[in-house]
Amino acid sequence: MATVYIALGSNMDSPHSQLDSALAALSQHSRIALVATSNRYQTPPIGPQQPDFINAAAQLSTDLSPLDLLDALQAIEQQQHRVRSIHWGPRTLDLDILLYDNFVIESERLTIPHPRMVERGFVLVPLADLDAQLALPSGETVAQLLANCSQQGIVKITSGEE
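Take the working numbering: the last position of the sequence shown gets the number 437, and nothing is skipped along the way.
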(Lines of atoms letter the chains of each structure in order from A and count residues from 1; the text may use other names and numbers.)
(Lines give C-alpha, C1' and ligand atoms only; values in the text may rest on other atoms or scores of the structure.)
Protein backbone atom coordinates (compact mmCIF):
# COMPACT_ATOMS: atom_id res chain seq x y z
CA MET A 1 0.00 0.00 0.00
CA ALA A 2 1.25 3.44 -0.91
CA THR A 3 1.17 6.40 1.45
CA VAL A 4 -0.25 9.41 -0.35
CA TYR A 5 -0.82 13.03 0.63
CA ILE A 6 -3.43 15.11 -1.16
CA ALA A 7 -4.58 18.72 -1.00
CA LEU A 8 -8.26 19.62 -0.91
CA GLY A 9 -9.72 23.03 -1.70
CA SER A 10 -13.05 24.69 -2.45
CA ASN A 11 -14.44 28.20 -2.72
CA MET A 12 -17.88 27.60 -4.27
CA ASP A 13 -21.21 26.07 -3.27
CA SER A 14 -20.66 25.61 0.47
CA PRO A 15 -16.91 24.87 0.59
CA HIS A 16 -17.04 23.02 3.92
CA SER A 17 -19.76 20.72 2.56
CA GLN A 18 -17.69 20.17 -0.58
CA LEU A 19 -14.72 19.06 1.52
CA ASP A 20 -16.94 16.89 3.72
CA SER A 21 -18.40 15.19 0.64
CA ALA A 22 -14.96 14.63 -0.87
CA LEU A 23 -13.64 13.07 2.34
CA ALA A 24 -16.72 10.84 2.54
CA ALA A 25 -16.22 9.74 -1.08
CA LEU A 26 -12.57 8.94 -0.37
CA SER A 27 -13.56 6.94 2.73
CA GLN A 28 -16.12 4.96 0.74
CA HIS A 29 -13.72 4.05 -2.08
CA SER A 30 -12.89 0.34 -1.87
CA ARG A 31 -9.18 0.86 -2.64
CA ILE A 32 -8.51 4.05 -0.67
CA ALA A 33 -8.20 4.37 3.11
CA LEU A 34 -8.46 7.83 4.64
CA VAL A 35 -5.71 7.80 7.30
CA ALA A 36 -5.77 11.39 8.59
CA THR A 37 -7.02 14.87 7.77
CA SER A 38 -5.56 18.25 8.64
CA ASN A 39 -7.24 21.26 10.12
CA ARG A 40 -9.06 23.48 7.65
CA TYR A 41 -7.80 26.89 6.66
CA GLN A 42 -9.34 29.92 5.02
CA THR A 43 -6.92 31.19 2.40
CA PRO A 44 -6.90 33.99 -0.17
CA PRO A 45 -7.31 32.94 -3.81
CA ILE A 46 -4.43 33.04 -6.29
CA GLY A 47 -6.51 33.72 -9.40
CA PRO A 48 -8.94 36.40 -10.51
CA GLN A 49 -11.42 38.02 -8.13
CA GLN A 50 -13.20 35.24 -6.28
CA PRO A 51 -14.08 34.15 -2.74
CA ASP A 52 -11.48 32.85 -0.30
CA PHE A 53 -10.76 29.12 -0.36
CA ILE A 54 -11.19 26.54 2.34
CA ASN A 55 -8.12 24.27 2.17
CA ALA A 56 -7.06 21.08 3.91
CA ALA A 57 -4.79 18.08 3.38
CA ALA A 58 -5.33 14.37 3.84
CA GLN A 59 -3.16 11.31 4.19
CA LEU A 60 -4.35 8.28 2.26
CA SER A 61 -3.30 4.68 1.93
CA THR A 62 -4.03 3.01 -1.40
CA ASP A 63 -3.10 0.21 -3.73
CA LEU A 64 -4.15 2.29 -6.74
CA SER A 65 -1.40 3.35 -9.12
CA PRO A 66 -0.71 7.10 -9.24
CA LEU A 67 -2.68 7.50 -12.49
CA ASP A 68 -5.57 5.37 -11.23
CA LEU A 69 -5.66 7.50 -8.07
CA LEU A 70 -5.68 10.64 -10.22
CA ASP A 71 -8.66 9.21 -12.13
CA ALA A 72 -10.45 8.46 -8.84
CA LEU A 73 -9.84 11.99 -7.53
CA GLN A 74 -11.01 13.56 -10.79
CA ALA A 75 -14.15 11.40 -10.69
CA ILE A 76 -14.90 12.78 -7.20
CA GLU A 77 -14.33 16.33 -8.49
CA GLN A 78 -16.74 15.68 -11.37
CA GLN A 79 -19.36 14.23 -9.01
CA GLN A 80 -19.19 17.57 -7.21
CA HIS A 81 -19.60 19.52 -10.44
CA ARG A 82 -16.02 20.69 -10.89
CA VAL A 83 -15.71 22.76 -14.06
CA ARG A 84 -12.24 23.42 -15.48
CA SER A 85 -12.86 26.65 -17.40
CA ILE A 86 -10.78 29.39 -15.75
CA HIS A 87 -7.13 28.76 -14.88
CA TRP A 88 -6.79 29.37 -11.12
CA GLY A 89 -10.49 30.24 -11.10
CA PRO A 90 -13.17 29.44 -8.54
CA ARG A 91 -14.05 25.80 -8.08
CA THR A 92 -16.43 23.57 -6.21
CA LEU A 93 -13.63 21.14 -5.44
CA ASP A 94 -9.94 20.75 -6.17
CA LEU A 95 -8.16 17.52 -5.24
CA ASP A 96 -4.42 17.37 -5.95
CA ILE A 97 -1.96 14.55 -5.35
CA LEU A 98 0.97 16.13 -3.50
CA LEU A 99 3.10 13.09 -2.71
CA TYR A 100 2.81 9.40 -3.56
CA ASP A 101 5.29 7.45 -1.43
CA ASN A 102 8.70 8.75 -2.49
CA PHE A 103 7.83 8.66 -6.20
CA VAL A 104 9.01 11.27 -8.67
CA ILE A 105 6.74 11.30 -11.72
CA GLU A 106 6.74 13.69 -14.65
CA SER A 107 4.17 12.80 -17.27
CA GLU A 108 1.68 14.66 -19.40
CA ARG A 109 -1.13 13.97 -16.92
CA LEU A 110 0.63 13.95 -13.58
CA THR A 111 3.63 15.45 -11.83
CA ILE A 112 4.62 14.18 -8.37
CA PRO A 113 5.63 15.82 -6.11
CA HIS A 114 3.07 18.45 -7.05
CA PRO A 115 5.10 21.05 -8.95
CA ARG A 116 3.97 24.15 -7.03
CA MET A 117 3.44 22.74 -3.54
CA VAL A 118 6.81 24.02 -2.27
CA GLU A 119 5.78 27.65 -2.85
CA ARG A 120 2.20 27.48 -1.59
CA GLY A 121 1.50 28.12 2.05
CA PHE A 122 -2.10 27.01 1.59
CA VAL A 123 -0.73 23.54 0.75
CA LEU A 124 2.19 23.37 3.18
CA VAL A 125 0.36 24.62 6.30
CA PRO A 126 -2.27 21.83 6.24
CA LEU A 127 0.38 19.29 5.21
CA ALA A 128 2.45 20.31 8.25
CA ASP A 129 -0.58 19.49 10.44
CA LEU A 130 -0.28 15.91 9.23
CA ASP A 131 3.52 15.59 9.40
CA ALA A 132 5.84 18.60 9.56
CA GLN A 133 8.87 16.30 9.37
CA LEU A 134 7.64 14.55 6.24
CA ALA A 135 10.49 14.55 3.73
CA LEU A 136 9.94 15.16 0.05
CA PRO A 137 12.01 13.21 -2.49
CA SER A 138 14.36 16.24 -2.54
CA GLY A 139 15.18 15.55 1.12
CA GLU A 140 13.61 18.79 2.37
CA THR A 141 10.96 18.49 5.06
CA VAL A 142 7.59 20.19 5.02
CA ALA A 143 8.74 22.29 8.00
CA GLN A 144 11.84 23.47 6.12
CA LEU A 145 9.78 24.42 3.08
CA LEU A 146 7.19 26.17 5.22
CA ALA A 147 9.88 28.28 6.90
CA ASN A 148 10.63 29.81 3.48
CA CYS A 149 7.03 30.22 2.33
CA SER A 150 4.56 33.04 2.88
CA GLN A 151 1.71 32.21 5.23
CA GLN A 152 0.07 35.61 4.80
CA GLY A 153 -3.71 35.48 4.88
CA ILE A 154 -3.89 31.83 5.97
CA VAL A 155 -6.32 31.51 8.89
CA LYS A 156 -6.97 28.29 10.81
CA ILE A 157 -10.67 27.60 11.09
CA THR A 158 -11.94 26.52 14.48
CA SER A 159 -14.95 24.22 14.65
CA GLY A 160 -17.29 27.07 15.53
CA GLU A 161 -16.42 28.95 12.34
CA GLU A 162 -17.49 26.22 9.94
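Note that beta-carbon positions come from the ideal geometry of N, C-alpha and C, so glycine has one too.
### Message
I need the straight-line Cα distance from residue 306 to residue 280, nearest angstrom please.
### Response
15 Å
### Message
In this structure, how does DSSP classify residue 352 when only helix, strand and coil are distinguished?
### Response
helix
### Task
Determine the burial state of residue 379: buried for a count of at least 16 other Cβ atoms within 10 Å of its Cβ, exposed for fewer.
exposed
### Message
Please return the same chain residues whose Cβ sits closer than 6 Å to the Cβ of residue 410, not counting the five positions on each side in sequence.
### Response
416
### Query
CB of residue 289 to nearest heavy atom of the ligand ZN: below 7 Å?
For the structure depicted, the ligand ZN is absent and the ligand set is empty, with no information on it obtainable.
### Query
Whole beta strand (DSSP E) runs in the segment 317-353 with 3 or more residues, listed along the chain?
328-337
### Helix, strand or coil at residue 394 [DSSP, three-state]
helix
### Message
If you measure between the beta carbons of residue 403 and residue 422, is that distance less than 8 Å?
### Response
no
### Query
Among residues of its own chain, excluding the 5 on either side of residue 377, which ones have a beta-carbon nearer than 7 Å to its beta-carbon?
412
### Beta-carbon proximity check, residue 432 vs residue 318, cutoff 8 Å
no
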